[in-house]
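S.K.:
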Amino acid sequence: MVWETVIGLEIHAQLATRSKIFSGASTAFGAAPNTQACNVDLGMPGVLPVLNREAVRMAIRFSAAIDAELARRSVFARKNYFYPDLPKGYQISQLELPIVGPGEVQILLDDGETRAVGVTRAHLEEDAGKSLHEDFHGLTGVDLNRAGTPLLEIVSEPDMRSAREAVAYARKIHQIVQYIGICDGNMQEGSFRVDANVSVRHPGEELGTRAELKNINSFRFLERAINFEVERQIELLEAGGEVVQETRLYDADRDETRSMRSKEEANDYRYFPDPDLLPVELDEVFIAEVTADMPELPDARRSRFNQVYGLKPVDAATLTVSRPLADYFERVVEVSGDTRLAATWVMGELSGALNRDGLEITAASVTAEMLGGMLRRIADGTISGKLAKQVFEAMWQGGGSADEIIEARGLKQITNTGAIEKLVDEVIDANPRQVESFRQADEKKQAKMLGFFVGQVMKASRGKANPQQVNQLLRIKLV
Amino acid sequence: MPLDRSDVEKIAHLARLAVSESELDAVAGDLSNILDLVEQMDSADTVGVTPMAHPLHMAQRLREDRVTETDQRERFQSIAPATENGLYLVPQVIE
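If you're matching them up, the sequences are chains A and B in order. All residue numbers for the first sequence refer to this note's numbering, where the first residue is -11 and numbers rise by one. All residue numbers for the second sequence refer to this note's numbering, where the first residue is 505 and numbers rise by one.
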């Protein structure tokens, strides 16, 4: 039987404000427990929430980025439930009148096609604290530093039909929130959390019962969790069973999803408008001011890289994955004046070194200026591409600029014809047998055999001879 | 829309209120009366009326994004029933 997978995602993006959404406590990550939980965050009697302007600005920027309908009037509501990491007994969220209305993003599919995925809404809300269940002699420890951190919950339409599409959409949102500077995107620290609503059905039928997958902290796990869940639901249905609407936790170690609790009762949140907060009204002047300095968005930048720099679409996509990477690349192009070399080195040696050392581009020890400077030396023939790898490695290890390293290590390419000729003669004299068989071989074979001589000359020059000149001289002298 | 005893039990549980067995009928009656009142309002013509989210006709004032709170953990935790290593301790909750 043919099954169709239907996926919708709920993404919680922690907004990169300095203070909390309703209080003046710091949102900095990693502080000692409860040192950033003030009386508002603790839900002390008599305190009142006051909305953070920056959180509102960030929601407006997101709305502009996905071309959504921005609500001129939105309302905060109380979502009521009891849990120790939620001291007030309710979470301040938005239900009926969210700040960001319908919008959409384009995702790039595996076959190179783009597709639109609908964003139903995005609303502002406060985060809860953290419960620690281990090591407290049968008690639970609660850290409320995170309580009150601003979140933008971004809800998609059930538009995705495979785990790959869901990952492409999540990556796109991840890319956008970082480009517009509203979220640091750190999934390990929980700044960007993805929950997946997954169901299956026969094509054309009504939506099936969905399970909500939580506890997914990487894109890789998102794909695996969905694939596992789809298999589980299909097996269940084909055996005559029924899917229960519930929350399931993904366990990465065992690569499976497990039932957490039935949502039936937990879902009864008894929302009502929060009387402590007035409706949020946005005027056109404020909106214009907030969206005036919107950066170039990922899709626009990708197509510019494609058109202006003549990069292949796949390379343009790679180089615009993040704003710091795209900025870095453009700076290298500016300094080196060579787009092709810049693309090759940024995607090659630089990315390789970053991966190897587990670093982000912003922490690269080779700056865009340094890499650009080195590429200039390749372009003007001072060093060969091969030696450049040595220079790059030396720069990476903190050996100074390309020019300093080339000078200090004597890596300058030998372009003096006389010097190269001498090396060529030495190699020919030292290998009479190979020379003899070269001269007797046909043209096709000769082309192959030439490599041996080029290699010998390069070795004798310790890699510094200009390979083109070596080739030319060998062809003349061997015949 | 009359509520019965089981509705009251459910609502009381969600709100973590202890409503005793003997009170159930009375509470069900009181709550039903309130709902009847709301139902009467349903007959009013509200076409063209913007739903009211707040009795004050004002918009929310916004705060600058500045950290203004200092660490007062010691004071807050001095009135907490149990703490350890800076954490508030509560009866175990297991998901």
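Virtual Cβ for every residue (Gly too), placed ideally from N, Cα, C. Predicted model, so just to flag it, every value in this text is computed and none were measured.
With DSSP as the reference, label K465 (chain A) as helix, strand or coil.
M.R.: The residue given as residue 465 (chain A) occupies position 477 in the first sequence. In this structure, K465 (chain A) counts as helix in the three-state DSSP scheme.
S.K.: Just verifying my parser: in three-state terms, what is the DSSP assignment at Q444 (chain A)?
M.R.: Position 456 of the first sequence, counting from 1, holds the residue named residue 444 (chain A). Reduced to three states, the DSSP call for Q444 (chain A) is helix.
S.K.: Is there at least one Cβ from chain B nearer than 8 Å to Y259 (chain A)'s Cβ?
M.R.: On the first sequence, residue 259 (chain A) is found 271 positions in, with the first residue counted as 1. Chain B contact via Cβ: absent.
S.K.: Check whether chain A comes within 8 Å of V512 (chain B), counting only Cβ atoms and requiring the distance to be less than that.
M.R.: Against the second sequence, residue 512 (chain B) aligns to sequence position 8. False, the Cβ-Cβ gap to chain A never drops below 8 Å.
S.K.: With three or more C-beta pairs closer than 8 Å as the rule, is the region 7 to 15 of chain A touching the region 33 to 52 of chain A?
M.R.: Taking 8 Å as the limit for Cβ pairs, the verdict is that the region 7 to 15 of chain A does touch the region 33 to 52 of chain A.
S.K.: Mind checking who H111 (chain A) pairs with in its DSSP beta bridge?
M.R.: Along the first sequence, read from residue 1 onward, the residue named residue 111 (chain A) stands at position 123. Beta-bridge pairing links H111 (chain A) to A:E141.
S.K.: Kindly indicate which three-state DSSP category S510 (chain B) falls into: helix, strand or coil?
M.R.: Locating residue 510 (chain B) in the second sequence gives position 6, counting from the first residue. Here S510 (chain B) sits in helix by DSSP.
S.K.: Going along the chain, which residues of the region 515 to 547 of chain B sit with their C-beta nearer than 7 Å to a C-beta in chain A?
M.R.: Flagged, chain order: L518, R520.
S.K.: So what does DSSP say about A16 (chain A), is it helix, strand or coil?
M.R.: Residue numbering aside, residue 16 (chain A) sits at position 28 when the first sequence is read from its first letter. In this structure, A16 (chain A) counts as coil in the three-state DSSP scheme.
S.K.: Leaving aside the five residues before and after S372 (chain A) along the sequence, list all residues of the same chain whose C-beta is less than 6 Å from its C-beta, in chain order.
M.R.: As a position in the first sequence, residue 372 (chain A) is number 384, starting the count at 1. Q401, listed in sequence order.
S.K.: What's the C-alpha gap between M505 (chain B) and L541 (chain B)?
M.R.: The residue given as residue 505 (chain B) occupies position 1 in the second sequence. The residue given as residue 541 (chain B) occupies position 37 in the second sequence. Near 10 Å, if we compare the C-alpha coordinates of L541 (chain B) and M505 (chain B).
S.K.: So which residues of chain B does L265 (chain A) contact, with C-beta pairs closer than 7 Å?
M.R.: Within the first sequence, residue 265 (chain A) is the residue found at index 277, counting from 1. Simply Q564.
S.K.: Could you tell me which residues DSSP puts in a beta bridge with E(-8) (chain A)?
M.R.: By one-based count along the first sequence, residue -8 (chain A) stands at place 4. E(-8) (chain A) pairs with A:R189.
S.K.: For chain A, is any of its Cβ atoms less than 8 Å away from the one on V597 (chain B)?
M.R.: To locate residue 597 (chain B), count along the second sequence from 1; it is residue 93. Taking Cβ atoms only, chain A reaches closer than 8 Å to V597 (chain B), which makes this a yes.
S.K.: Should D508 (chain B) be flagged as near chain A, meaning a C-beta pair shorter than 8 Å?
M.R.: By 1-based counting over the second sequence, the position of residue 508 (chain B) is 4. So, not an interface residue.
S.K.: Just list the residues that DSSP pairs V155 (chain A) with in beta bridges.
M.R.: Residue 155 (chain A) sits at position 167 when you count from the first residue of the first sequence. V155 (chain A) is not bridged to any residue.
S.K.: I need the straight-line Cα distance from G100 (chain A) to D287 (chain A), nearest angstrom please.
M.R.: Residue 100 (chain A) sits at position 112 when you count from the first residue of the first sequence. Residue 287 (chain A) sits at position 299 when you count from the first residue of the first sequence. Roughly 14 Å between the two C-alpha positions.
S.K.: Leaving out five residues before and five after H517 (chain B) in sequence, what residues of the same chain have Cβ atoms less than 8 Å from its Cβ?
M.R.: Position 13 of the second sequence holds residue 517 (chain B). No residues qualify anywhere along the chain.
S.K.: Near V379 (chain A), which residues of its chain fall below 7 Å by C-beta distance, leaving aside the five closest residues on each side in sequence?
M.R.: Residue 379 (chain A) sits at position 391 when you count from the first residue of the first sequence. Once the five neighbours on either side are set aside, the close Cβ partners of V379 (chain A) are M362, I371, A390, I393, I394, L399.
S.K.: Can you tell me whether L150 (chain A) is helix, strand or coil according to DSSP?
M.R.: As a working mapping, residue 150 (chain A) is identified with position 162 in the first sequence. The question names Leu, but residue 150 (chain A) is Ser in the sequence shown. Three-state DSSP puts S150 (chain A) in coil, outside helix and strand.
S.K.: Using a Cβ cut-off of 8 Å (strictly closer), state whether E269 (chain A) contacts chain B.
M.R.: The sequence position of residue 269 (chain A) within the first sequence is 281, counting from 1. It does; some Cβ of chain B falls within 8 Å.
S.K.: Which same chain residues end up closer than 8 Å to I164 (chain A) when comparing Cβ atoms and leaving out the 5 residues on each side of it in sequence?
M.R.: For the purposes of this step, residue 164 (chain A) is identified with residue 176 of the first sequence, where counting begins at 1. Closer than 8 Å at Cβ, skipping near neighbours: F50, A53, I54, V93, L285, P286.
S.K.: What three-state label does DSSP hand D413 (chain A) in the structure shown?
M.R.: Sequence index remark: in the first sequence, residue 413 (chain A) carries index 425 (1-based). Helix, per DSSP.
S.K.: Give a yes or no on whether the C-beta atoms belonging to R61 (chain A) and I80 (chain A) are separated by under 8 Å.
M.R.: The residue you call residue 61 (chain A) lines up with position 73 of the first sequence. The residue you call residue 80 (chain A) lines up with position 92 of the first sequence. Cβ distance not < 8 Å, so R61 (chain A) and I80 (chain A) don't count as in contact.
S.K.: Answer with yes or no whether the minimum CB distance from G590 (chain B) to chain A is below 8 Å.
M.R.: Translated into the one-based positions of the second sequence, residue 590 (chain B) becomes position 86. Answer yes: the Cβ-Cβ gap between G590 (chain B) and chain A drops below 8 Å somewhere.
S.K.: Please confirm if V594 (chain B) has its CB atom under 8 Å from at least one CB of chain A.
M.R.: Residue mapping note: residue 594 (chain B) aligns to position 90 of the second sequence, counting from 1. Yes - at least one Cβ of chain A is within 8 Å of the one on V594 (chain B).
S.K.: Classify Q79 (chain A) as helix, strand or coil using the three-state DSSP reduction.
M.R.: In the first sequence, counting from the first residue as 1, residue 79 (chain A) sits at position 91. Here Q79 (chain A) sits in strand by DSSP.
S.K.: In chain order, which continuous runs of the beta strand (DSSP E) of length 3 or greater are located wholly inside the region 366 to 433 of chain A?
M.R.: The qualifying runs do not exist here; there are none.
S.K.: At the level of alpha carbons, what is the spacing between L507 (chain B) and A530 (chain B)?
M.R.: Start at 1 with the first residue of the second sequence, and residue 507 (chain B) comes out as number 3. Start at 1 with the first residue of the second sequence, and residue 530 (chain B) comes out as number 26. Using only the alpha carbons, I get a separation of about 11 Å.
S.K.: In the structure shown, what three-state DSSP assignment does K300 (chain A) receive?
M.R.: Along the first sequence, one-based indexing puts residue 300 (chain A) at 312. It is coil, neither helix nor strand.
S.K.: What three-state label does DSSP hand F180 (chain A) in the structure shown?
M.R.: Residue mapping note: residue 180 (chain A) aligns to position 192 of the first sequence, counting from 1. Residue state, collapsed to three classes: strand.
S.K.: Is the CB-CB distance between I366 (chain A) and A376 (chain A) below 8 Å?
M.R.: Here residue 366 (chain A) is taken as the residue at index 378 of the first sequence, counted from 1. Here residue 376 (chain A) is taken as the residue at index 388 of the first sequence, counted from 1. It is a contact, given that the beta carbons lie within the stated cut-off.
S.K.: Per DSSP, L201 (chain A) is paired with what?
M.R.: Sequence index remark: in the first sequence, residue 201 (chain A) carries index 213 (1-based). L201 (chain A) pairs with A:A184, A:R236.
S.K.: I'd like to check one pair, V(-10) (chain A) with R189 (chain A): are the Cβ atoms closer than 8 Å?
M.R.: Here residue 189 (chain A) corresponds to residue number 201 of the first sequence, with the count starting at 1. Here residue -10 (chain A) corresponds to residue number 2 of the first sequence, with the count starting at 1. No. Outside cutoff.
S.K.: Under 7 Å Cβ to Cβ from H468 (chain A), same chain only, skipping five residues before and after it: list those, please.
M.R.: Nothing about residue 468 (chain A) can be reported from this structure: the residues present for chain A run from -11 to 467 only.
S.K.: When the cut-off is 8 Å and only beta carbons count, does E252 (chain A) lie next to chain B?
M.R.: Along the first sequence, one-based indexing puts residue 252 (chain A) at 264. In this prediction, E252 (chain A) has a pLDDT of 48, which is less than 50 and means its spatial position is unreliable; what the coordinates show is noted afterwards. So, not an interface residue.
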